[in-house]
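What follows is one structure encoded as structure tokens, with my remarks underneath.
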Amino acid sequence: MRTKRLIYFIFTLLLFGQNHSALAQSQSSVEKRAAQAFEQQNYAAALVDYRQLLAKDQQNPSFNYHYGVCLFEVENHFEAAKYFDVALGLKQIPDPLLYYYRAQIYQEQYFFAQAISAFENYQKLSLSSKNPIDVSTRIAQCRLATTEITAFIRLPLLALSTTKAAKFYAAYKFSPDDYTIYEAPEVHSKNNAKQGHVPVYAYKRGMKYRILASYGPKGTQLDLYIQKKDANNNWATPQLIGGGVNDPNSNESFGFYDAASQTLYFSSTANSIGGHDLYKANFELSTNSASAIEKMPYPYSSPTDDLFYVCDAAQNQAYFATSRQGVVGQYEIYTLQLDEPVRPNFVFAGLFSNELQPESKALSLQFTDLLTSEVYGPFVSDASGVYQVALPQKGDFLLEIRVDGASKAYQTRFSVPNLKPQTALQQQVRYFSDELGKEQWQVRNQLLDLDPATQLASLSKLQMNVAKGGLLQAKTSALESTKPLQASLAATWGFAAQDTAAFVTQMIDTLLAAEVSLENQVRLMELLRQDFEQQLDVREQLLAKLSQSMAQPSSATERKELLQELAAVESALAFNQRWIQINQAANIPDLVLLDTLRAMNERHQALLLTGDSLVLLAGWTQQQTALQQYLEIAAFDGASALEAAALEQQRSLQKLIQEEAAIKAQQQQVAQQIKQLQTALPLQSKKEQTQTQLQIAARERESKALDATASQLRTEREAAAAELQVFDQASRKAAYLKAAENQSLPQINLQSSYDELLAQYAQQEDLSQKLKSQVAVSLENGNVSSTNPISTENGNVSTTNSENGNLGSNQENGNIELANSNRTSTENGNTTSANPVSSENGNISSTNSEN
Numbered sequence: 000m001r002t003k004r005l006i007y008f009i010f011t012l013l014l015f016g017q018n019h020s021a022l023a024q025s026q027s028s029v030e031k032r033a034a035q036a037f038e039q040q041n042y043a044a045a046l047v048d049y050r051q052l053l054a055k056d057q058q059n060p061s062f063n064y065h066y067g068v069c070l071f072e073v074e075n076h077f078e079a080a081k082y083f084d085v086a087l088g089l090k091q092i093p094d095p096l097l098y099y100y101r102a103q104i105y106q107e108q109y110f111f112a113q114a115i116s117a118f119e120n121y122q123k124l125s126l127s128s129k130n131p132i133d134v135s136t137r138i139a140q141c142r143l144a145t146t147e148i149t150a151f152i153r154l155p156l157l158a159l160s161t162t163k164a165a166k167f168y169a170a171y172k173f174s175p176d177d178y179t180i181y182e183a184p185e186v187h188s189k190n191n192a193k194q195g196h197v198p199v200y201a202y203k204r205g206m207k208y209r210i211l212a213s214y215g216p217k218g219t220q221l222d223l224y225i226q227k228k229d230a231n232n233n234w235a236t237p238q239l240i241g242g243g244v245n246d247p248n249s250n251e252s253f254g255f256y257d258a259a260s261q262t263l264y265f266s267s268t269a270n271s272i273g274g275h276d277l278y279k280a281n282f283e284l285s286t287n288s289a290s291a292i293e294k295m296p297y298p299y300s301s302p303t304d305d306l307f308y309v310c311d312a313a314q315n316q317a318y319f320a321t322s323r324q325g326v327v328g329q330y331e332i333y334t335l336q337l338d339e340p341v342r343p344n345f346v347f348a349g350l351f352s353n354e355l356q357p358e359s360k361a362l363s364l365q366f367t368d369l370l371t372s373e374v375y376g377p378f379v380s381d382a383s384g385v386y387q388v389a390l391p392q393k394g395d396f397l398l399e400i401r402v403d404g405a406s407k408a409y410q411t412r413f414s415v416p417n418l419k420p421q422t423a424l425q426q427q428v429r430y431f432s433d434e435l436g437k438e439q440w441q442v443r444n445q446l447l448d449l450d451p452a453t454q455l456a457s458l459s460k461l462q463m464n465v466a467k468g469g470l471l472q473a474k475t476s477a478l479e480s481t482k483p484l485q486a487s488l489a490a491t492w493g494f495a496a497q498d499t500a501a502f503v504t505q506m507i508d509t510l511l512a513a514e515v516s517l518e519n520q521v522r523l524m525e526l527l528r529q530d531f532e533q534q535l536d537v538r539e540q541l542l543a544k545l546s547q548s549m550a551q552p553s554s555a556t557e558r559k560e561l562l563q564e565l566a567a568v569e570s571a572l573a574f575n576q577r578w579i580q581i582n583q584a585a586n587i588p589d590l591v592l593l594d595t596l597r598a599m600n601e602r603h604q605a606l607l608l609t610g611d612s613l614v615l616l617a618g619w620t621q622q623q624t625a626l627q628q629y630l631e632i633a634a635f636d637g638a639s640a641l642e643a644a645a646l647e648q649q650r651s652l653q654k655l656i657q658e659e660a661a662i663k664a665q666q667q668q669v670a671q672q673i674k675q676l677q678t679a680l681p682l683q684s685k686k687e688q689t690q691t692q693l694q695i696a697a698r699e700r701e702s703k704a705l706d707a708t709a710s711q712l713r714t715e716r717e718a719a720a721a722e723l724q725v726f727d728q729a730s731r732k733a734a735y736l737k738a739a740e741n742q743s744l745p746q747i748n749l750q751s752s753y754d755e756l757l758a759q760y761a762q763q764e765d766l767s768q769k770l771k772s773q774v775a776v777s778l779e780n781g782n783v784s785s786t787n788p789i790s791t792e793n794g795n796v797s798t799t800n801s802e803n804g805n806l807g808s809n810q811e812n813g814n815i816e817l818a819n820s821n822r823t824s825t826e827n828g829n830t831t832s833a834n835p836v837s838s839e840n841g842n843i844s845s846t847n848s849e850n
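Position 20 of the sequence shown, counted from 1, bears residue number 19 in numbering that gives the first Met the number 0, the numbering being contiguous throughout.
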């Protein structure tokens, strides 16, 4: 028995040794086959074998290097980087080319300093190699790029598509009557076929020329040629384009001539930051001569190939192809807004914190320029809640934030700050609920010291986002709507409570919060009323002084000073007047409603003590319509409404600006037509001249009509701009909101007082406009007195005294303070003192509650 067991053991041992040997031989054969395919540059076959080998030995530096090269050559440059980094991290260099490949990826991803270092390491390690690659051109490209690319700049990108077709230009979406791209294999057919090249050109019906790239009859590099049609409508001999377009040390290809702007666009490897860059030049078609040649800088040109820039005037678009995604054999077709220039961007990073659903970090931010209505974004966060934003360097925006699960999008205002050198903005978005269970948003902006490496990484991330179509200049659809709330009693009121007890609690808390909110609104309105009344007294004094200065000799300086004081007071008055009117439109202040809510909440508390929730539910159901109206009024946010009014005014102003620009363009067009007709007039026959003169007269009438329209639009635009300035008093608004917290509640309904004050304001406006007009005339004519001064009502002058004379805003050491802290007014012999309005130093963060 022991003998049999011993024999079985020996047999098993021998069998295991044979299998182990077979496995070893199998891996050895795979390594040999992979190395052979790699040596023959059959990277597709080697890729399969090295993937198998790497799966068994993930820390093998040789396998990582070879697999990375195969990925780089066959599939994706950027995915290869991590395998090169493994080998570099192990500090084992299987081949100096490891640095060469890694350097190329650094270059394509805009990490130019790292690329230079890697190229230099390759140079050092390849000195003893048989045929080392000359990387001096690559290093020069990276050094040039470090001077040309210092900040992220965005293309006016409308659309992006990808293609792996060699004839990538077939993806250009021209309008039907515009260009078509053709091939011309008959041009220098023998030499071009030898080089594997087929010339292509953009052509549309009626053109008498075509521009194409060719190796020429015997050349070894690509140059741009023009070929014109002869008298028989046949293509004549191609001619090299003159004027220095064809660099003797580079390849020029994909030429396109835009006749409207007389601009020649083409691709060239000359003075490149990597691959082919885009160029343009002035081109005189009749003389075949180019001038003012210049490279189209980043972001048109990139560290990868950028090819065949073509204008499509019919659709006001332009197209070009690039390979910025790093996918082997793939081209990205960019569709651009033709008349939109590239602009430097203000770039910042952000972090989203979702306290309601911590596992969800999906956030979408969209910025709308308040002047141009252009939409930027959406900028979407990654799996960890981090996002990158690129906006124009100046401007005010409406920021709309969407998150999956929120009841609605959150909106706030965002202004691009002026940053000191080497500083950056870091944004934090927080989504949470308050103690009442209501959704809350907080957007916080912090200024941080800028790390150059961080800046470079941000630029790289944004460029990759652009390359993948992540930053199109177009409006995009919002996140999908949230799931509907449960069809329950709570859903009727917009709550998310799951049972009756939770609903009762939320409803009572909501009505209590409504009472507090309404109290705050009344306090603010009373503060506005008090200050508005005092400012009216101040203006009345100034108008009286100004009227007196017109009735008696006075200096121009004195009148100008009075006008300046008056302007400051009127700015404050206009701001208060707008805010009061906005609040009145929302039934604020409504002391009757406030008393109703107080009584209702007291009754609710009494019913809660008895535990009779059914009575509460019955009462709320019976009063549902009224209660919802109460809640809508209480939820009104005067400050936000004021901001919304400002936004609407900005949109109106922008509309007028656009209309004015359109009229100006028409004026220029008509003027050009008149000029052309007048130029042609001397060369025409008498009969033709008569017709031309009629056309000139018609154009001149059209020009006068356009002039009148332009004048009217200019007047409307100036008035709209002045109106917008009234709203642009952020520090004043902030100070009012702060001071309103300490304002006592009025004991009676003062609606009639507001109406009287607004009527007084309107009367003063008329008086002020007439008086200022007279003063302006006197100053213009150099007069020091007027025989027809405008006096105030009954000739009385208010006894109000004002220190500084206006409700201005001062900012010192970050504090906001409203003037007139020592202001008093006399009314019916009684002296009242105004409360100073001040606020603490504020953070650059905004918190709002969604109701």
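All residues carry an ideal CB built from backbone N, CA and C; glycine is no exception.
{"Query": "Environment of glutamate 399 [buried if 16+ CB atoms lie within 10 Å]", "Result": "buried"}
{"Query": "Through-space distance from lysine 654 to glutamine 851, alpha-carbon basis", "Result": "The chain is shown only over 0 to 850; residue 851 falls outside these bounds and no answer can be derived."}
{"Query": "Beta carbon of alanine 644 nearer than 8 Å to that of arginine 577", "Result": "yes"}
{"Query": "Beta strand (DSSP E) runs wholly inside the segment 176-217, at least 3 long, in chain order", "Result": "179-182, 199-202, 208-213"}
{"Query": "Collapsed DSSP secondary structure at glutamate 373 in the structure displayed", "Result": "coil"}
{"Query": "Extent of the continuous alpha helix (DSSP H) to which asparagine 63 belongs", "Result": "60-73"}
{"Query": "Closest Cα partner of asparagine 934 within the set Asp381, Arg602, Met206", "Result": "Summary: the structure shown does not reach residue 934, with the chain confined to residues 0 through 850, and so no result is reported for it."}
{"Query": "Per-residue DSSP class, three states only, for phenylalanine 173", "Result": "coil"}
{"Query": "Nearest neighbour of tyrosine 409, chosen from Ser372, Val388, Gln365, Asp381 [CA to CA]", "Result": "Gln365"}
{"Query": "At least 3 beta-carbon pairs within less than 8 Å: the segment 270-278 vs the segment 300-319", "Result": "yes"}
{"Query": "Which of helix, strand or coil DSSP assigns to serine 743", "Result": "coil"}
{"Query": "CB contact check: lysine 437 to chain B, cutoff 8 Å", "Result": "The structure shown contains no chain B, having only a single protein chain."}
{"Query": "Arginine 412 - partner residues in DSSP beta bridges", "Result": "Leu397"}
{"Query": "Best match in Val73, Cys69, Ala720, Phe83 for proximity to asparagine 59 [C-alpha to C-alpha]", "Result": "Phe83"}
{"Query": "Candidates Gln140, Phe351, Leu87, Gln314: closest to aspartate 177 by CA position", "Result": "Gln314"}
{"Query": "Under 8 Å between C-beta atoms of serine 414 and aspartate 395", "Result": "yes"}
{"Query": "Beta-carbon gap between aspartate 222 and alanine 235 smaller than 8 Å", "Result": "no"}
{"Query": "8 Å CB neighbourhood of threonine 2 in its chain, flanking five on each side removed", "Result": "The pLDDT assigned to threonine 2 is 48, lower than 50, so where the model puts this residue is not dependable, and the model offers no usable value."}
{"Query": "N- and C-terminal bounds of the beta strand (DSSP E) containing threonine 303", "Result": "Here threonine 303 belongs to no beta strand (DSSP E), and DSSP marks it neither H nor E."}
{"Query": "Assigned secondary structure, threonine 422 (DSSP; H/G/I helix, E/B strand, else coil)", "Result": "strand"}
{"Query": "Threonine 678 to glutamine 665 span [Cα, whole Å]", "Result": "20 Å"}
{"Query": "Environment of lysine 732 [buried if 16+ CB atoms lie within 10 Å]", "Result": "buried"}
{"Query": "Leucine 561 versus Ala775, Ala114, Leu680, residue with shortest Cα-Cα distance", "Result": "Ala775"}
{"Query": "Validate contact between the segment 568-576 and the segment 749-768 using beta carbons, cut 8 Å, 3 pairs", "Result": "yes"}
{"Query": "Straight-line gap, glutamine 39 to alanine 45 (C-alpha atoms, nearest Å)", "Result": "10 Å"}
{"Query": "Cross-strand partners of alanine 389 (DSSP beta bridge)", "Result": "Val346"}
{"Query": "Three-state secondary structure assigned by DSSP to phenylalanine 151", "Result": "coil"}
{"Query": "Nearest-angstrom Cα separation, counted from threonine 620 out to leucine 626", "Result": "9 Å"}
{"Query": "Local Cβ density within 10 Å of leucine 526, reported as buried at 16 or more and exposed below that", "Result": "buried"}
{"Query": "Sequence-distant residues of the same chain with beta carbon closer than 8 Å to valine 725, five excluded per side", "Result": "Ser570, Ala573, Phe574, Arg577"}
{"Query": "Buried or exposed (CB count within 10 angstroms, at least 16 for buried), threonine 268", "Result": "buried"}
{"Query": "For arginine 137, the three-state DSSP class (helix, strand or coil)", "Result": "helix"}
{"Query": "Glycine 277 in three-state terms, based on DSSP", "Result": "Note that residue 277 corresponds to leucine in the displayed sequence, not to glycine. Correct three-state label for leucine 277: strand."}
{"Query": "Straight-line gap, aspartate 311 to phenylalanine 319 (C-alpha atoms, nearest Å)", "Result": "11 Å"}
{"Query": "Length at least 3, wholly inside the segment 245-277: the beta strand (DSSP E) runs in chain order", "Result": "251-257, 262-267"}
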